[in-house]
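Accompanying notes for the structure given below.
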Amino acid sequence: RVYGVATFYNLFRFDPPGKHQVRVCRGTACHVNRSDEILRYLSEHLGIDVDETTADGEFTLQTVACMGACSLAPVVVVDDDTYGRMTPAEALQALGALELAEKGDGA
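FYI, the working numbering numbers position 77 of the sequence shown as 86, with every residue one higher than the one before it.
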């Protein structure tokens with residue numbers, strides 16, 4: 010029973026999430042603005058599928074039904090930063106900027 014409940018709700022995880030959460034909106038406005046291309050691009054770049062974490066524990070890729078920022082579609086959220094009107098390349102740049110910032114901080 011516990012396993013059934015835990016696997017039903019996506020907020021429960023059996024594995025620790027990555028250091029950085031990457032969420033791609035799948036709402037209607039984002040979908041018609043090709044959020045699926047962004048998701049596929051990030052998945053290929055990171056080498057993981059949705060709800061998986063990279064082997065190094067850095068990134069977890071997730072989807073969200075709606076971010077509530079439809080006027081900015083398509084939307085990608087990396088940790089607490091929201092990026093609107095994204096392209097696949099810009100989404101990847103956001104992850105690259107995050108990695109560069111960490112290196113600059115000595116992390």
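Backbone N, C-alpha and C fix where the C-beta goes; we use that ideal spot for every residue, glycine too.
The model shown is predicted, which means the values in this text are computed figures rather than measured ones.
Let me know if residue i comes out buried or exposed under the rule of 16 or more other beta-carbons within 10 Å of its beta-carbon.
| i | result |
| --- | --- |
| residue 82 | buried |
| residue 17 | exposed |
Between residue i and residue j, which are expected to be in contact by the criterion C-beta below 8 Å, what is the C-beta distance as a whole number of angstroms?
| i | j | result |
| --- | --- | --- |
| residue 35 | residue 98 | Going by Cβ atoms, the distance from residue 35 to residue 98 rounds to 20 Å, so no, they are not a contact pair. |
| residue 100 | residue 50 | 7 Å |
Using only CA atoms, which one of the options lies nearest to residue i?
| i | options | result |
| --- | --- | --- |
| residue 87 | 17, 30, 40 | 30 |
| residue 59 | 48, 67, 65 | 48 |
| residue 54 | 110, 77, 93, 70 | 70 |
| residue 43 | 61, 106, 93 | 93 |
Within the same chain, show all residues whose beta-carbon is closer than 6 Å to that of residue i, passing over the 5 residues directly before and after it, in chain order.
| i | result |
| --- | --- |
| residue 21 | 15 |
So, residue i versus residue j, is the Cβ gap smaller than 9 Å?
| i | j | result |
| --- | --- | --- |
| residue 41 | residue 85 | no |
| residue 63 | residue 27 | yes |
| residue 79 | residue 38 | yes |
| residue 96 | residue 76 | no |
Residues in its own chain within less than 8 Å of residue i by CB, not counting five upstream and five downstream?
| i | result |
| --- | --- |
| residue 23 | 15 |
By Cβ distance below 7 Å, which residues in the same chain neighbour residue i in space, the five residues on each side in sequence not counted?
| i | result |
| --- | --- |
| residue 67 | 27, 28, 29 |
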